[in-house]
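Throughout the sequence shown, residue numbering follows the working numbering, covering 1050 to 1359 in sequence.
Even glycine gets a Cβ: it sits at the ideal position worked out from N, Cα and C.
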Amino acid sequence: MNIRLILNFLTLATGAIAVTFTSIWIGKQSYSWLPPQAAAESHLVDDLISFLVTMGAFIFLGVTAVLLYSILFHRARDTDFSDGPHIEGNITLEVVWTAIPIMLVLWIATYSYQVYEEMGIQGPNHLLHLHNPIKMVMANSDNSETPEITSKTTKPMEEIDVLAKQWAWVFHYPENNVTSTELHLPSDRRIRLKLHSEDVLHGFYIPAFRVKQDIIPGHNIDFEFTPIRPGEYRLIDSQYSGTYFATMTANVVVENSETYHQWLASAAKNTPSPAPNQAVAEYNLKLKNGIDSGWESIQPAAPPLVNFPG
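Printed below as a string of structure tokens:
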């Protein structure tokens, strides 16, 4: 009898260790499922996703392992047609399987809220200036690269005005008086966007940066982040803002400081002209062909006048 108990214990312990390490491995793999980390804040969201994937894998594999263990080692014999033991209930078991999920939910909620605070994402009832999440993260870090990263994020900020309207993004660089429908950003420099909506609720979302901010009509919202990976990315409107909201996208170009300032200087020489706008083109084509979609369509705002159409 003692040998059987020992074997059962060893089986359960081995299974628990295997499930734990497999879950951790799956959680680490989740980093490869996401776009490249193009902003300093990206790791906050990626770490949260990895944590959630690890927890989910642990629960799934744990439940599956218990079922397999029960089927393999505690199944009735083929000739056993008797009823199982009559069990009224088990208070201890019910308390345990109620307490564990509650603690898991509280753990996930606390961690998620910490990330939310460190990202500094604003909601409609929190229209205040954002803090710098990177300073908070780096303050408690022992990473040898901390001084380098901190020094980069404390450089003078690049301020850019962002106007969202149905259905176009317009970016204004006040220092050079340049307007563009393509967002250019210097790498390794703190960016402050002054977000404004001309009409309805829009959502500023760049998946590669892991940053998302609702833009609320009637409010100017400051939003900060730090691009760290040169390349081309995509900005989309994460909120349904009307019929042609799917056309409301823009290129995001992250480049080194020298290339960025060369682009600004070159764009400043251009005479402002109407930028191509897919929503306007589709709306005009609908009118030209007499297409009746069966629902009301708001006329898109006029194409913006920009120095650089992208």
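Task: Where E1281 falls, given that 16 or more other Cβ within 10 Å makes a residue buried - done: E1281 is classed as exposed because its beta carbon has fewer than 16 other beta carbons within 10 Å across all chains shown.
Task: Residues near N1300 by beta carbon distance below 8 Å, same chain, minus five either side - done: Only E1231, L1232, E1281, Y1282, R1283, L1284 and G1359 meet the Cβ criterion.
Task: Backbone CA spacing between W1082 and I1073 [nearest angstrom] - done: Taking the straight line from one Cα to the other gives about 15 Å.
Task: Nearest candidate by alpha-carbon position, reference R1053, set A1314, H1123, L1354 and T1275 - done: The alpha carbon of R1053 has as its nearest neighbour, out of A1314, H1123, L1354 and T1275, the alpha carbon of H1123.
Task: I1098 versus T1141 - alpha carbon distance - done: Spanning the two alpha carbons is a distance of roughly 33 Å.
TODO: Tell me S1229's beta-bridge partners as DSSP assigns them.
DONE: DSSP, once it has assigned bridges, lists F1220 and F1357 as partnering S1229.
Open item on the list: Taking only three categories from DSSP, how would you classify S1290?
Closed with: DSSP places S1290 in coil when its eight states are reduced to three.
Open item on the list: Could you give the first and the last residue of the continuous beta strand (DSSP E) run that contains G1252?
Closed with: Residues H1251 to I1255.
- [ ] Quick one: using the 10 Å Cβ neighbour count with 16 as the cut-off for buried, is V1144 buried or exposed?
- [x] It is exposed - the Cβ of V1144 has fewer than 16 other Cβ atoms within 10 Å.
TODO: Please say whether A1089 and T1320 have beta carbons closer to each other than 8 Å?
DONE: Contact: no.
- [ ] Return the CA-CA distance between A1350 and F1109, expressed in angstroms with no decimal places.
- [x] Roughly 49 Å separates the two Cα atoms.
Open item on the list: Which complete alpha helix (DSSP H) runs does the stretch 1295-1348 hold, if anything under 4 residues is left out?
Closed with: Residue ranges of uninterrupted alpha helix (DSSP H) with 4 or more members, entirely inside the stretch 1295-1348 and ordered along the chain, are 1306-1317 and 1327-1338.
- [ ] Kindly indicate which three-state DSSP category F1130 falls into: helix, strand or coil?
- [x] In the three-state scheme derived from DSSP, where H, G and I count as helix and E and B as strand, F1130 is classed as coil.
Task: A1328 burial status per 10 Å Cβ neighbour count (16 or more: buried) - done: The residue in question, A1328, is buried, as its Cβ has 16 or more Cβ neighbours within 10 Å.
Task: Spatially closest choice to K1077 from G1105, A1065, G1291 and L1242, by CA coordinates - done: Distance from the Cα of K1077 is smallest, within the candidate group G1105, A1065, G1291 and L1242, for G1105.
TODO: Would you identify the three-state DSSP class for H1175, choosing helix, strand or coil?
DONE: Low confidence applies here, because H1175 scores a pLDDT of 49, under 50, leaving its location unreliable; read the following figure in that light. The answer is coil: DSSP assigns H1175 none of H, G, I, E or B.
Task: Close beta carbons around P1085, own chain, < 7 Å, minus the five adjacent residues each side - done: Within the same chain, P1085 has close Cβ partners A1257 and R1278.
Task: Y1309 beta carbon less than 8 Å from that of P1235 - done: Result yes, Cβ atoms of P1235 and Y1309 sit closer than 8 Å.
TODO: Buried or exposed for V1154, please, with buried defined as at least 16 other CB atoms from any protein chain shown within 10 angstroms of its CB.
DONE: It counts as exposed.
TODO: Write down the C-beta distance between Q1262 and I1347 rounded to the nearest angstrom, noting that I regard them as a contact closer than 8 Å.
DONE: The Cβ separation is near 23 Å, so there is no contact.
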